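In the working numbering, the protein residues as written are -10 to 180.
Glycine included, each C-beta is placed from N, C-alpha and C at the ideal position.
Predicted, not measured: the structure shown is a model, and the values here were computed from it.
Some notes on the structure that comes next.
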């Protein structure tokens, strides 16, 4: 079993590591916050909060400093996490990046003023149960797909034959999953 001084040293290392990993998380280098280290730190803090009488004066002083440091970091991390979740993350750009952003904004404003209203993408809805027989609806769907590709600046050139093959496979997939879902519902009803 580790001594109190060794556990306090480990607590100090964990707090430093927690700060590093949270900085990586907020910087975009990690996908998830470091909850495992946070859990370890809180476990040690709770253990010594209950056993405070066992600590010598110097150990208690060190423990209190570490818990205050952890509380300060935890408050900072909580505020940053709240900003991130609310989408209020402030980004600090250098002078060159600010100039580029200003140019882009000016060009976008000039482009919007010079261009007539661009065609706004519209939603397309179609009901089709048998694509092989309802070719006029499939034609409408293909035209809407081509138009949406052009409006978004896409470079996908899909032939009519490959589009028909895609639809055929899509309908088979939908039919398969519908049958699976119906079987599951029937099994639940009969039990």
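Check                                                                                                         : Outcome
Any 3 or more C-beta pairs closer than 8 Å across the region 108 to 127 and the region 156 to 171             : yes
Extent of the continuous alpha helix (DSSP H) to which residue 46 belongs                                     : 46 to 75
Cβ distance (whole Å) where residue -7 is taken to contact residue 44 below 8 Å                               : 6 Å
Selection from 97, 96, 133 that minimises the alpha carbon distance to residue 114                            : 133
Beta-carbon proximity list for residue 1, same chain, < 7 Å, skipping 5 on both sides                         : 55
Alpha-carbon spacing of residue 182 relative to residue 90, whole angstroms                                   : An answer regarding residue 182 cannot be provided, because it is not within the stretch -10 to 180 covered by the chain.
Own chain residues within Cβ distance below 6 Å of residue 73, not counting five before or after              : none
Contacting residues, own chain, Cβ-Cβ under 8 Å from residue 58 (five flanking each side not counted)         : 4
Check whether residue 62 and residue 7 have beta carbons under 8 Å apart                                      : yes
Cβ-Cβ distance between residue -3 and residue 71 below 8 Å                                                    : no
Exposure of residue 31, with buried meaning 16 or more beta-carbon neighbours within 10 Å                     : exposed
Per-residue DSSP class, three states only, for residue 151                                                    : helix
Neighbour-count burial assignment, residue 39, 16 or more Cβ in a 10 Å radius                                 : exposed
Assigned secondary structure, residue 167 (DSSP; H/G/I helix, E/B strand, else coil)                          : helix
Distance between residue 95 and residue 86 (C-alpha atoms, nearest Å)                                         : 14 Å
8 Å Cβ cutoff met for residue 69 and residue 15                                                               : yes
Helix, strand or coil at residue 127 [DSSP, three-state]                                                      : helix
Buried versus exposed call for residue 46 [16 or more other C-beta atoms within 10 Å across all chains shown] : exposed
Buried versus exposed, by CB contacts within 10 Å (16 or more), residue -5                                    : exposed
Minimum C-alpha distance to residue 127 - residue among 77, 18, 153                                           : 153
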